[in-house]
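Heads up, the thing below is written out as structure tokens.
2 protein chains.
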Amino acid sequence: MGRQTPERKNTIEVYDQPLTGEAGIDFDVIEGFFFAYRDFISDPDAILEKSGFGRAHHRVVHFVNREPGMTVADLLDTLKITKQSLARVLKQLVDSGYIRQVAGPEDRRQRKLYPTRAGRELALALAEPQQQRIARAFDGMTAEDRKAVKRFLIGMQNTRDE
Amino acid sequence: MGRQTPERKNTIEVYDQPLTGEAGIDFDVIEGFFFAYRDFISDPDAILEKSGFGRAHHRVVHFVNREPGMTVADLLDTLKITKQSLARVLKQLVDSGYIRQVAGPEDRRQRKLYPTRAGRELALALAEPQQQRIARAFDGMTAEDRKAVKRFLIGMQNTRDE
DNA sequence: AAAAATATGTCAACAATGCTGACATATTTT
DNA sequence: AAAATATGTCAGCATTGTTGACATATTTTT
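Protein sequences, first through last, are from chains A and B.
Residue 162, in UniProt numbering, is where the first sequence stops; the numbers in between run on with no holes.
Residue 162, in UniProt numbering, is where the second sequence stops; the numbers in between run on with no holes.
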């Protein structure tokens, strides 16, 4: 590994050598993940702006479409945010007619969440440019490679329970 | 593709069928990316909390370590944020002794950025748990697979220039 | 039936990190 | 000398996260 001796610039020691992968760190993955994710969410961001919504709304619309009938508690557990934080965006989505809340048939304290037609269309519209991006990234990759990518994404996540 | 007929719940039509990959969308990648990224940044978040810093500080410390001597303009271009937004976190990092600013030797209007010893150590400490996570995700993967992941991360990014 | 627990909602305040607009200073280029 | 550039700073605002406290409806437990 490199020496990386600190240099003195104006009487204070600083490092003028780049921090590289020599330290055993996959900086290309760390940075690739940052840039990729940033660009990945910029697509739906542009669409959401027109409706006056943000990323938080996107997540709610997405998961409610993925699992219609999920409860508020389910959603909080998925998003890992507080109910007060969710309440703001959820209220706006309900008021705007993208999501409906229905009292649970067994437990009537629950509020089961469903997308309206507009809600489903919004979810699809938001997913579309993201899918385009994924398709482009997958272009020219073997089925094996794509599997590796999906395995990677799962492997990067926290293990359930704990 | 599925019928996905809207149901009526309390006189308003809603969808009670999950939105699945039938629509030609890789939801496993979309969601995998979301969960993976969230968990990925939670590791350094925990470390930063002790110093009273946030994610924005992390990014600055990271890139200044990766490219010591970069100017403020370089950093703004990399992060794609406004100078006012950068100013807040950069000032705190300079005041706390993690980063030093040196007037450019050719163009003295520039402020070249360098990490101090503490700044380099912080960058390494923040990268460490992320590297652990990457290593775990890569565990059991072939060199071919890992290459695919890196290609994917690049493919997901916006093309330069434009 | 009464008490406790649960699911959800709401009010209020605050923090981090983006943004825009305006203006100041030092330095370099024209 | 004037214009352009690199940076800094002040002020205000938006989004989205947080805590804490308390209210309501409903279900479960005692």
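Glycine is no exception: its CB is placed at the ideal position from the N, C-alpha and C atoms.
Residue i in three-state terms, based on DSSP
i, result
"B/ARG100", "strand"
"B/PRO115", "strand"
"B/MET1", "With a pLDDT of only 40 at B/MET1, under 50, the local geometry of the prediction cannot be trusted, and the value read off the model is given with reservation. Residue state, collapsed to three classes: coil."
"B/GLU13", "strand"
"A/THR20", "coil"
"B/THR78", "helix"
"B/THR142", "coil"
Per-residue contacts from residue i into chain B (C-beta, under 8 Å)
i, result
"A/ASP39", "MET156, GLN157 and ASN158"
"A/ARG55", "Simply none; closest approach about 10 Å."
8 Å Cβ cutoff, residue i in contact with chain A
i, result
"B/GLN92", "no"
"B/GLN110", "no"
"B/GLU67", "yes"
"B/LEU48", "no"
"B/VAL72", "no"
"B/MET1", "Note that B/MET1 scores a pLDDT of 40, beneath 50, so its modelled location is shaky; the value from the coordinates is reported in the next line. No, no contact with chain A."
"B/PRO18", "yes"
"B/GLY45", "Per the sequence presented here, residue 45 of chain B reads as Asp, with Gly not at that position. Not an interface residue."
"B/VAL29", "yes"
"B/ARG88", "no"
Interface partners of residue i on chain B, CB under 7 Å
i, result
"A/GLY32", "LYS150, LEU153 and ILE154"
"A/PRO36", "Strictly speaking, residue 36 of chain A in this sequence is Ala, with Pro absent from that position. The answer, in chain order, is LEU153, MET156 and GLN157."
Within chain B, partners of residue i - CB distance below 9 Å
i, result
"A/ILE25", "LEU124, ALA127, GLU128, GLN130, GLN131 and ILE134"
Contact under 8 Å by Cβ, residue i with residue j
i, j, result
"B/GLN130", "A/ILE154", "no"
"A/PRO115", "A/ASN65", "yes"
"B/ASP16", "A/GLY69", "yes"
"B/GLN110", "B/THR82", "no"
"A/GLN157", "B/ALA36", "yes"
"B/LEU48", "B/HIS58", "yes"
"B/LEU93", "B/LEU75", "no"
"B/ASP77", "A/ILE134", "no"
"A/VAL89", "A/ALA118", "no"
"B/ALA143", "A/MET141", "no"
Problem - Residues from the region 124 to 144 of chain A in contact with chain B, defined by Cβ distance under 9 Å - result: Those residues of the region 124 to 144 of chain A that come within reach of chain B (Cβ to Cβ, closer than 9 Å) are LEU124, ALA127, GLU128, GLN130, GLN131, ARG133, ILE134, ALA135, ARG136, ALA137, PHE138, ASP139, GLY140, MET141, THR142 and GLU144.
Handout entry: Chain-ordered residues of the region 93 to 107 of chain A with a beta carbon less than 8 Å from chain B
Key = ARG100 and VAL102
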